[in-house]
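Before any comments, here is the structure.
In my numbering, the protein residues as written are 1142 to 1377.
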């Protein structure tokens, strides 16, 4: 086969790779995450790596993690070392940065926030936030669905022997939006609120448009992936 023909085949295969991922999903073979797949079509020699080989390489690559320990409130979790936890809860147009999206400034405490990477203009900002309240009135209503949450979203989860009440909320105004997914639990007479929060601005209203901004739905999926790997648990 001529080199020109081989080069054409390589280009066609590269163009078909997204379709191949869909085929794997249909066959119940776990698809690769787009974030984990490097561009294997841009090597100087034009070689295309076998997808199953690439999956094995990703699975065997050690993931660097760190552990956050809060000895005051008695919990810990792991997180990717590339992220930087903070005590800062930044406010936006649709939320004031309180300990909880559903709380007030004075009836709780901000503990830790982890923000996903975003574009320089922060068009889409995705945070996982953990706040706590020892206010008796807050604790009494900790597992109840707030008035500004979606009552149909109410669910109960159990993980690491911790029972969580789950609900969601959203709001939008002035080309801005916010989506929140909440896991709440009561421990030692305190209300803990773990909130996956995506604040977004419509990229088209930016000047120039922020075409690199993450879509809010994708940002929330990545926050859920982060939450699933955190292994949140109480200290002994």
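A virtual CB, placed ideally from N, CA and C, is assigned to each residue, including glycine.
Take residue 1303 and list the residues in its own chain whose beta-carbon comes closer than 6 Å to its own, dropping the five residues that flank it on each side.
-> So the list reads 1326, once near-sequence residues are dropped.
Is it true that the CB of residue 1317 sits closer than 8 Å to the CB of residue 1342?
-> Taking 8 Å as the Cβ cut-off, residue 1342 and residue 1317 qualify as a contacting pair.
Separation of residue 1362 from residue 1395, as counted between CA atoms | Nothing about residue 1395 can be reported from this structure: the residues present for the chain run from 1142 to 1377 only.
Check each candidate in 1277, 1334, 1313, 1375 and name the one with the smallest Cα separation from residue 1236.
-> Ranking 1277, 1334, 1313, 1375 by Cα distance to residue 1236 puts 1313 first.
Of the choices 1372, 1310, 1355, 1272, whose alpha-carbon is the least far from that of residue 1286?
-> Of 1372, 1310, 1355, 1272, the residue nearest in Cα terms is 1310.
What's the C-alpha gap between residue 1351 and residue 1231?
-> Using only the alpha carbons, I get a separation of about 21 Å.
Backbone CA spacing between residue 1293 and residue 1225 [nearest angstrom] = For the pair residue 1293 and residue 1225, the Cα-to-Cα distance works out to about 34 Å.
Name the two residues that bound the continuous alpha helix (DSSP H) containing residue 1368.
-> Unbroken alpha helix (DSSP H) run through residue 1368: 1357-1370.
Beta-carbon spacing of residue 1267, residue 1360 below 8 Å = Yes, these two residues count as a Cβ contact at 8 Å.
Starting from residue 1278 and walking both ways along the beta strand (DSSP E), at which residues does that stretch end?
-> For residue 1278, no beta strand (DSSP E) run applies; the uninterrupted alpha helix (DSSP H) run containing it begins and ends at 1277-1281, by DSSP.
Measure the CB-CB distance between residue 1355 and residue 1259 and report whether it falls below 8 Å.
-> Taking the C-beta atoms as reference points, residue 1259 is found nearer than 8 Å to residue 1355.
Whose C-alpha, out of 1220, 1216, 1233, 1218, is nearest the C-alpha of residue 1315?
-> The residue among 1220, 1216, 1233, 1218 with its C-alpha nearest the C-alpha of residue 1315 is 1233.
Who are the near neighbours of residue 1208 in its chain, counting only those whose CB is closer than 7 Å to its CB and skipping five residues on each side?
-> 1217, 1219, listed in sequence order.
Residue 1267 lies in the beta strand (DSSP E); which residues open and close that run?
-> Residues 1265-1274.
Within the same chain, show all residues whose beta-carbon is closer than 6 Å to that of residue 1227, passing over the 5 residues directly before and after it, in chain order.
-> Counting only residues of its own chain and dropping the five nearest sequence neighbours on each side, residue 1227 has a CB closer than 6 Å to the CB of 1254.
Kindly identify the DSSP beta-bridge partner or partners of residue 1451.
-> Coverage of the chain is limited to positions 1142 through 1377, which leaves residue 1451 absent and any answer about it impossible.
In whole angstroms, what separates the C-alpha of residue 1261 from that of residue 1270?
-> Straight-line Cα distance between these residues: approximately 21 Å.
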